[in-house]
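Following: one structure in structure tokens, then a few remarks.
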Amino acid sequence: MKPNRIPLKPGQESVWDYPRPAILEDTNKHLKVVCRGIILAETSRAQRVLETSHPPSYYFPPEDVQVKYLSLNSIRGLCEWKGHYEYYDIQIGNQQIQQAAWRYFDPTPNFLAIQGYYGFFANLMDACYVNDEQVMPQAGNLYGGWITADIVGPFKGDAGTWGW
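To convert, note that position 143 of the sequence shown is 142 in numbering that gives the first Met the number 0; the numbers rise steadily by one, no gaps.
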């Protein structure tokens, strides 16, 4: 059952206008990930994935990520739209956060531009920002969407939304 759309205000976009299957687009928004007091990633040359019912997921080029804090986790997965991905743990000092980041090592043809780029789960970081606005993480433990004031739902991820 499709939920009722939240009405748009000027300058907002609805996740219900995003396509299915998902698409990839460039973004020059300033993105930043802060983890355990360290700026783990920062860029203005990211990619974002847009998919019906999901807030955007952002992907950072590896050159803009402090990869020295990331270590490959043994868990892999497959997204029907984007392809094969792998998870990364973050190790800062004696603190480890498991499955805190991911990247596509074998993307589908439409998502080749994010091959090797990193995504981060905002709920596991100190804070994530889009143009200096702190994001709210997408609900659920499977999705990596970042919610900002200019993105309107309702969003997939909460209890009862699996069938959307």
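Note that beta-carbon positions come from the ideal geometry of N, C-alpha and C, so glycine has one too. A quick note: this is a predicted structure, and the numbers were derived from the prediction, not measured.
- Query: For the segment 39 to 72, which segments carrying the beta strand (DSSP E) assignment without a break, of at least 3 residues, lie completely within its bounds, in sequence order?
  - Reply: 45 to 50 and 53 to 58
- Taking C-alpha atoms, which residue in His83, Val66 and Arg47 lies nearest to histidine 29? Residue mapping note: residue 29 aligns to position 30 of the sequence shown, counting from 1. Histidine 29 has its Cα closest to that of Arg47, out of His83, Val66 and Arg47.
- On the three-state DSSP scale, how would you describe leucine 23? Within the sequence shown, numbered from 1, the residue matching residue 23 stands at position 24. It is a strand residue.
- Message: Taking the beta strand (DSSP E) that leucine 30 belongs to, which residues open and close that run?
- Response: One-based indexing of the sequence shown puts residue 30 at position 31. First-last of the beta strand (DSSP E) with leucine 30: 30 to 34.
- Are there 16 or more other CB atoms within 10 angstroms of the CB of arginine 19, so buried, or fewer, so exposed? Reading the sequence shown from its first residue, position 20 is the one you call residue 19. Arginine 19 should be labelled exposed.
- Message: Suppose contacts are defined by Cβ-Cβ distances below 7 angstroms. Is glutamine 90 in contact with serine 73 by that definition?
- Response: Start at 1 with the first residue of the sequence shown, and residue 90 comes out as number 91. Start at 1 with the first residue of the sequence shown, and residue 73 comes out as number 74. In this structure, the beta-carbon distance from glutamine 90 to serine 73 does not fall below 7 angstroms.
- Message: By the three-class DSSP mapping on this structure, what secondary structure does tryptophan 145 have?
- Response: Locating residue 145 in the sequence shown gives position 146, counting from the first residue. Note: tryptophan 145 maps to strand in three-state DSSP.
- May I ask you to report which of helix, strand or coil DSSP gives proline 18? Here residue 18 is taken as the residue at index 19 of the sequence shown, counted from 1. In this structure, proline 18 counts as coil in the three-state DSSP scheme.
- Proximal residues to aspartate 149 (C-beta, below 8 angstroms), its chain only, five neighbours per side dropped: Sequence index remark: in the sequence shown, residue 149 carries index 150 (1-based). For aspartate 149, where only same-chain residues beyond five positions count, the Cβ hits under 8 angstroms are Gly10, Gln11 and Glu12.
- Message: Beta-carbon within less than 8 angstroms of arginine 75's beta-carbon, same chain only, minus the 5 sequence neighbours each way: which residues are those?
- Response: Position 76 of the sequence shown, counted from the first residue, corresponds to residue 75. Result list for arginine 75: His83, Tyr84, Glu85 and Tyr86, in chain order.
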